[in-house]
Amino acid sequence: MCCSGLASGLQSKCLLLKELDVSNNDLKDSGVKLLCEGLRSPHCTLETLSLSGCLITKEGCADLVSSLKLNPSHLKKLDLSYNHLEECGVKHFSAGQKDLQLALQTLTIEPSGSQFLKPDACELMLDPNSTHKNLILSDNNRKVTVGGEQQPYPDHPERFDVLEQLLCTDGLTGRCYWEVEWRGRVDIAVTYRRIERKGENDDCRLGKNDESWSLLCSDDGHSGLHKNEMASIYGAPSNRVGVYLDWPGGILSFFAVSPGKINHLHTFHAKFTEPVYPAFRITTEPKVYIQNDLQGRRTWPSTHSGAYTRHRNSCMSTEQTVCTIELKKDIFMTASRQFKPNLFISGSQPDRAFSQSVLQGL
């Protein structure tokens, strides 16, 4: 979303924009900050602003309140529902309400927080026919663990024979949400059913081709992977991940979830042409650490330039990680939300060139 372009439009003397709806775009607080530059302008004539589902937190609320205090005369309707405002963010508006009430007639902030996905929740089952023989299924095919020895699964043309991967049984084409709890080093993905199953090249590996989209998860953090292009994700890792698929809208979003809290991790945008199957990969390489003989402390090795750092008076040891993936029934999210991004611009002097320039920035 080109927030700087929208801000320029709000400051224009000619456009006279009256309504702006950018709901369900990942503006975040940084995008709101840019948008506020336009809201502060004396030339801003905006009456209706919809920022529903834009991943805004209390910091974004503070910027909005500050901007509206400087230019309170026009905005009459503000929608901040389906954001993560927290109590602190709501207090920003409560504290500034006396300054805003003459112009602002409608302020929508509920629902807020992490409660917006459960009606789209779907129950998934892992597919035994696709499961690599090193993986053990349990809990009615809702949990998978790395086994110590190969399982006696029958040969099947859809079984992964080298990579420790598996799919779920059902392909998805609607709006669906599910949650996964993981340990170790795993990939949480969706893929077309036609992904290659035999071998270990990029055509088989989740996220390394144009048929699959993957979130890489480990104690070191998260990364997005599609067509072998890696997207870094900053922040602490979460051992519970929510996945939201809007197949018609071409959106696949991943969230770090916990009771009462949700943080956006990454979103893929794609034009899906076939049903997609939730899929998983488990990496079973052992962890390697350095045991310092003198102080009894573990020091994780540096892997820069592909080499481990060696220390005097230390020895190398390995530790096998227990890797599991479990599809959860106790979904944390508890209310509905549609993720399809909006862009609606209306004004008394409509400008096609401006609208096109903003669309090109999406």
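Note that UniProt numbering gives residue 307 to position 307 of the sequence shown, counting from 1, and the numbers run on in steps of one.
We put the beta carbon where it would ideally sit given N, CA and C, even for glycine.
Based on DSSP bridge pairs, tell me the residues matched to residue 175. 246
If I follow the unbroken beta strand (DSSP E) through residue 231, where does it start and stop? 229 to 233
Check whether residue 171 and residue 277 have beta carbons under 8 Å apart: yes
Let me make sure I understand the geometry here. Which of 174, 237 and 161 has the alpha-carbon closest to that of residue 250? 174
Between the segment 146 to 157 and the segment 265 to 281, do at least 3 Cβ pairs fall closer than 8 Å? no
With distances taken Cα to Cα, identify the nearest neighbour of residue 83 among 63, 267, 53 and 69. 53
Does residue 70 pass the burial test, meaning 16 or more other C-beta atoms within 10 Å, or should it be called exposed? exposed
Mapping DSSP to helix, strand and coil, what is residue 18? strand
Can you tell me the Cα-Cα spacing of residue 115 and residue 182, whole angstroms? Here the model assigns residue 115 a pLDDT of 40, short of 50, so the residue's position is not dependable and the matter cannot be decided.
Residue 270 - DSSP class collapsed to helix/strand/coil: coil
Is DSSP giving residue 133 helix, strand or coil here? coil
Residue span of the alpha helix (DSSP H) that contains residue 3, given as start and end: 3 to 10
Name, in chain order, the residues that DSSP records as bridge partners for residue 77. 48 and 106
Which one of 36, 246, 186 and 325 has the shortest CA to CA distance from residue 24? 246
Should residue 406 go down as buried or exposed, given a rule of 16 or more other Cβ atoms within 10 Å for buried? The requested residue 406 does not occur in the structure, where the chain is confined to residues 1 to 362.
Which residues DSSP lists as bridging residue 160, in chain order: Residue 160 pairs with nothing; no bridge assigned.
Please name the residue or residues paired with residue 187 in a DSSP beta bridge. 216 and 281
Flag this pair as touching only if the segment 142 to 151 and the segment 257 to 270 have three or more C-beta atom pairs under 8 Å; answer yes or no. no
Measure how close the beta-carbons of residue 21 and residue 60 come, nearest whole angstrom, since I'm counting them as under 8 Å. About 17 Å; that fails the 8 Å criterion.
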